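In this note's numbering, the protein residues as written are -10 to 150.
Structure (structure tokens):
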């Protein structure tokens, strides 16, 4: 009878500990999702900056072929300004250089955030569904390719161009 009482006590203490574990798991999940959302936001901002840089390059290339005294219009903060090419072109070149610096900084931030996410995953033993099976399938394929290479029976597709 004493053994039965002891088992009930142990099981009730373990069930009392589960909500704490579940809460910490929820907190870990929320923090992981927050890190991933931050990384997505950085990537979206980087894409926006890259599109702006592409537009700047296109406009600069176009304005280089135009005579410097020619009138051009520039949209600044929603206001269309009437200026000349010789005034606008240096400003655009300067903006392009600043965008390139921002893009480099953005890439570094994304890399750091990725490392932070990987470290967080390792610390808390987080596995993402689908990613593990894809990694296992690619490692199995590499192993199969290595075996095929060792036996000399690689498949090669050759096309005439």
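Note that beta-carbon positions come from the ideal geometry of N, C-alpha and C, so glycine has one too. Note that the coordinates shown come from a computational prediction; the quantities given were computed from them, not determined experimentally.
Whose CA, out of the options, lies closest to the CA of residue i?
i, options, result
"residue 24", "51, 108 and 37", "108"
"residue 62", "56, 73 and 53", "73"
"residue 80", "99, 32, 53 and 39", "53"
"residue 41", "69, 31 and 84", "84"
"residue 32", "118, 101 and 116", "101"
"residue 91", "36, 120, 105 and 27", "36"
"residue 89", "45, 58, 120 and 59", "45"
"residue 77", "22, 58, 20 and 87", "58"
"residue 29", "56, 99, 20 and 87", "99"
"residue 39", "22, 86 and 115", "86"
Specify, as a first and last residue, the run of the alpha helix (DSSP H) that residue i falls within.
i, result
"residue 100", "74 to 113"
How would you write the range of the beta strand (DSSP E) that residue i sits in, first residue to last?
i, result
"residue 65", "60 to 65"
What's the call for residue i, buried or exposed, on a 16-neighbour Cβ count within 10 Å?
i, result
"residue 71", "exposed"
"residue 10", "Any answer about residue 10 is weak, because its pLDDT of 46 lies below 50 and its placement is not dependable; what the coordinates show is given next. The residue is exposed, with fewer than 16 neighbouring Cβ atoms inside 10 Å."
"residue 118", "exposed"
"residue 69", "exposed"
"residue 120", "exposed"
Could you tell me which residues DSSP puts in a beta bridge with residue i?
i, result
"residue 68", "65"
Does the Cβ of residue i lie closer than 6 Å to at least one heavy atom of the ligand ZN?
i, result
"residue 90", "The model on display carries no ligand, and the ligand ZN is accordingly not part of it."
Problem - the segment 37 to 55 contacting the segment 110 to 117, beta-carbon criterion three pairs below 8 Å - result: no
Problem - Segment contact, 8 Å Cβ cut-off, at least three pairs: the segment 64 to 72 with the segment 15 to 30 - result: no
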